[in-house]
Every structure is written in C-alpha cells, then in structure tokens.
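According to the numbering used here, the stretch in the sequence shown is residues 2 to 323, in order.
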Amino acid sequence: AAFLASIVSVWLARYTARRLNVKNDPNPIVETHRQPVPYLGGVGVFLPFSILLILFCGPGTWVFLFLGALWVLVILGTIDDLHPLPWWLKLLIEAVVCSVSVPMIFSALQITNNPIFIIPAILVVLLLTNGFNLIDVSDGLCCSVGAMIAIGLFWAFLFYSPLSRLDTAPLLLAGTLAGFGVFNKPKASIYLGDGGSLPLGYTVGTLIVLWLFSSSLSLPRVIVSASLPSLIFFEIALLSFHRIRKGKSIFHGSPDHFALRLAKHGWSVTGVLLAALAVSSFLTASIALLWLPVFASWIYASSLLTFYAISFRQLSRIKVDA
Numbered sequence: 002a003a004f005l006a007s008i009v010s011v012w013l014a015r016y017t018a019r020r021l022n023v024k025n026d027p028n029p030i031v032e033t034h035r036q037p038v039p040y041l042g043g044v045g046v047f048l049p050f051s052i053l054l055i056l057f058c059g060p061g062t063w064v065f066l067f068l069g070a071l072w073v074l075v076i077l078g079t080i081d082d083l084h085p086l087p088w089w090l091k092l093l094i095e096a097v098v099c100s101v102s103v104p105m106i107f108s109a110l111q112i113t114n115n116p117i118f119i120i121p122a123i124l125v126v127l128l129l130t131n132g133f134n135l136i137d138v139s140d141g142l143c144c145s146v147g148a149m150i151a152i153g154l155f156w157a158f159l160f161y162s163p164l165s166r167l168d169t170a171p172l173l174l175a176g177t178l179a180g181f182g183v184f185n186k187p188k189a190s191i192y193l194g195d196g197g198s199l200p201l202g203y204t205v206g207t208l209i210v211l212w213l214f215s216s217s218l219s220l221p222r223v224i225v226s227a228s229l230p231s232l233i234f235f236e237i238a239l240l241s242f243h244r245i246r247k248g249k250s251i252f253h254g255s256p257d258h259f260a261l262r263l264a265k266h267g268w269s270v271t272g273v274l275l276a277a278l279a280v281s282s283f284l285t286a287s288i289a290l291l292w293l294p295v296f297a298s299w300i301y302a303s304s305l306l307t308f309y310a311i312s313f314r315q316l317s318r319i320k321v322d323a
C-alpha cells in the first residue's frame, strides 16, 4: 500500500513541481547535476506516509504529535528549497521542534521522561534531521539509506520491543521511500530537497530513540541503535572535519561529502548508490546482534569502527575543490 500510494503521490508531486516551476537548478558543487530537477519529493513521500500511518496505527496521541512535528519540518524545508533561509534560523526551528515533540511523544507512549534519556534522544534526533539533509547529494542515496534503516527498525520493533505496534511506522516509511526511489534513482527526475530530507531524518531519528529507550538498555541494543544510522554519522564527521580543517563553517556547503569524493575519484552515481546499499545492508544486519551472545556485539562494533576509520582515511586522500 505504501509503495503504490507513494508512486502515485510522487508522480503528482513531480507534475505539480513542473507546472509551478518548483525546481532545483544545477548545483556547481555536484558535477552530475547539470539540468534543473523538480522538487516537492518530500510532500510526495510524507503525504501518503501520514495518511497510511493514521489508517494503520489509528488516530493516537503519539501519531498526531509525531506527524505534527514532521509536517513542520516538511513546510520548513520546502520554504528553504524555494527561498533559502539563514542556517541559524533553520537550526533554531529544528531544535525547538525536536525539543518539544520528542518528550511529548515519549510521554504519550509511556516511555521514561528522565532527562538522562530525553536530552541525548533530542540531540540524536536533531543530528539525524540534519544528517539526512547532508547525505542528499547523489541520486537515490538519501532515500535508499533511509529505506534500509527503516527495514532494520521494522524488525527491531517487531521482535525486540514492548512497543511492537510501532513496527508499522518504519515499514510504511520503507514502502514510501521505495516508491520515491522509482523516480529518484539515477538519473533522478525529482528530488527530496530539504522538504524531504529534514522530515526523513526526524522520522528515522525519532523511531530509533523510541526503540532504544522503550526497553532496558543493553550493549547489543545500544550498538544496534548506533549502527543503523552510522553511515549518516560518518558523513557528518567527514564533512565537519574537512570543513573545519579548511577554516570554513560546518554549515557552509562544500564538495567534501563521501558521495562526491567517490564521484571525483571516478565512481559513477550508480556505483556510489550500490556501495551505499551494500554498507546499509551490513548495518541493517546488525539486528541479528540482539539474538547473539554479547561478545558478537564487540566483534561487530570493532569491525564497523575499523571499516569507517579506513574509509575516512582513504576518502580524505581524494582531492576535491575548496
């Protein structure tokens, strides 16, 4: 249902964007982006997601709190796509949305509101909200990574959470992102834009912290919750390091994204997408740690950190324009 509804909704969003001339002009930072591409992908994805979430989960308090915050970010991002806003204003609004919505959703689902848990949860959601925005620089990349994380969260909620009824949310998200991927695969005919990447990051981040804190903490549980979005954290770390190294603000655009570095090294857009899917599949497989002995979590975490350390070093050697 989510996949088919998303295909229809994204097609209509693309048609509307073309009619209204809502498009993303070629970006000098992204060499593969040479023609204007329609925006409004976020509306195309999250409209069917919202309707189906209410239909399948019911009109619960947490659903409306969650969707209310999500749509504030859809609107904020869409405005920014049309008329770029100051970075500090966007960040301030995002921080307010996360700080208000996350504790309220926790309360609605009767999850502990202890500040020891709430403050890190808010920070994680805020970080991922912006992290998905950063990774959205290559065709199919953002929606594919998001869909793989959603699949992992579906299994996590279904089999390893007292809030198993929430498994519908990540499953619907995976379906709608798959439908969007039909139009966003190389060569993309519509983009998520900030109006899609910001609410996607918020959705993924909120579901991760809800799953993490819905039960007693354990090493495998913490490693799984950190592993699923770790490619996003890697992108944030890579960008921040190189922008600070160049004396730039971390909020200033640059071609230091891992996808653009791989493209500069000769990788095709499709090659970057397939590599990201392969890594994301490995990250999704971390769900198996929940059924394995604790030592398996240490082995997995060590392997993952080693992979990221090597990747960071190799990617940093690829020269990109300032």
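Note that beta-carbon positions come from the ideal geometry of N, C-alpha and C, so glycine has one too. Owing to the predicted nature of the structure, the values given are computational and were not obtained by experimental measurement.
Tell me the rounded alpha-carbon separation between Ile55 and Leu263.
40 Å
Are Tyr203 and Leu74 closer than 8 Å when you measure CB to CB?
yes
Which residues bound the alpha helix (DSSP H) around Phe252?
Counting along the chain, Phe252 falls outside any alpha helix (DSSP H), and DSSP gives it neither H nor E.
Assess, as a yes-or-no matter, whether the stretch 224-234 is touched by the stretch 107-119 under the definition of 3 or more beta carbon pairs within less than 8 Å.
Cβ pair count under 8 Å is below three, so no.
How should Gly59 be labelled, buried or exposed, when 16 other C-beta atoms within 10 angstroms of its C-beta is the threshold for buried?
exposed
Can you check the stretch 88-152 for any beta strand (DSSP E) of at least 3 residues that lies completely inside it and give the ranges in chain order?
DSSP runs (the beta strand (DSSP E)) wholly in the stretch 88-152: none.
Is the beta carbon of Ser208 less than 8 Å from the beta carbon of Ala170?
Looking at the sequence itself, residue 208 is Leu, so the reference to Ser does not match. Going by C-beta atoms, Leu208 is nearer than 8 Å to Ala170.
Any chance the stretch 175-195 sits against the stretch 211-218, with 3 or more Cβ pairs inside 8 Å?
Output reads no: the stretch 211-218 does not touch the stretch 175-195.
Opposing strand residues paired with Asn25 [DSSP bridges]
Looking at the DSSP assignment, Asn25 forms a beta bridge with Val38.
Can you round the beta-carbon distance between Val64 and Ile150 to whole angstroms, since I take them to be within the 8 Å contact cut?
Rounded to whole angstroms, the Cβ separation of Val64 and Ile150 is 20 Å, and the two are not in contact under 8 Å.
CB-CB length for Val11 against Phe184, believed under 8 Å:
5 Å
Looking at the unbroken alpha helix (DSSP H) that takes in Ile319, where does it start and where does it end?
Note, Ile319: premise wrong, no alpha helix (DSSP H); not H, not E.
Measuring alpha carbon to alpha carbon, tell me which of Lys186, Gly267 and Leu211 ends up nearest Ser145.
Lys186
Check whether the stretch 127-143 touches the stretch 190-199, taking contact to mean three or more Cβ pairs, one atom from each stretch, closer than 8 Å.
yes
Under 8 Å between C-beta atoms of Ile224 and Ser165:
The Cβ-Cβ distance between Ile224 and Ser165 does not fall below 8 Å.
The ligand GTP heavy atoms versus the CB of Thr271: any closer than 7 Å?
With respect to the ligand GTP, the structure shown offers nothing to examine, as it has no ligands at all.
Shortest alpha-carbon distance to Gly62 belongs to which of Ile76, Ile80, Pro104 and Ala96?
For the sequence presented, residue 62 should be read as Thr rather than Gly. Of the candidates Ile76, Ile80, Pro104 and Ala96, Pro104 places its Cα closest to the Cα of Thr62.
Would you kindly work out how many angstroms separate the C-alpha atoms of Ser226 and Ala122, rounded to a whole number?
When rounded, the distance between both Cα atoms is 11 Å.
Of all the options Leu172, Thr285, Leu174 and Ser312, which has the alpha carbon lying nearest to the alpha carbon of Phe235?
Restricting attention to Leu172, Thr285, Leu174 and Ser312, the CA atom closest to the CA of Phe235 is found in Ser312.
Quick one: Cα of Gly272 to Cα of Leu48, how far?
30 Å
Phe181 at chain B interface by Cβ criterion, 8 Å
The structure shown contains no chain B, having only a single protein chain.
Distance between Ser51 and Ile8 (C-alpha atoms, nearest Å)
15 Å
Give the DSSP-derived three-state secondary structure of Tyr192 in the structure shown.
coil
Is Ile152 buried or exposed, if buried means 16 or more other CB atoms sit within 10 Å of its CB?
buried
At what residues does the alpha helix (DSSP H) containing Gly61 begin and finish?
No alpha helix (DSSP H) contains Gly61, which DSSP labels as neither H nor E.
Nearest CA to the CA of Pro163: which residue from Thr79, Leu211 and Val280?
Pro163 has its Cα closest to that of Leu211, out of Thr79, Leu211 and Val280.
Could you give the C-beta distance for Val259 and Leu316, rounded to a whole number, given that I count them as a contact under 8 Å?
Note on identity: in this sequence residue 259 is Phe, with Val being the wrong assignment. That belief holds up - the Cβ atoms of Phe259 and Leu316 are roughly 6 Å apart, short of 8 Å.
4 or more residues per run - each alpha helix (DSSP H) lying fully within the stretch 200-229
Listed in chain order, the complete alpha helix (DSSP H) runs (minimum 4 residues) inside the stretch 200-229 are 220-228.
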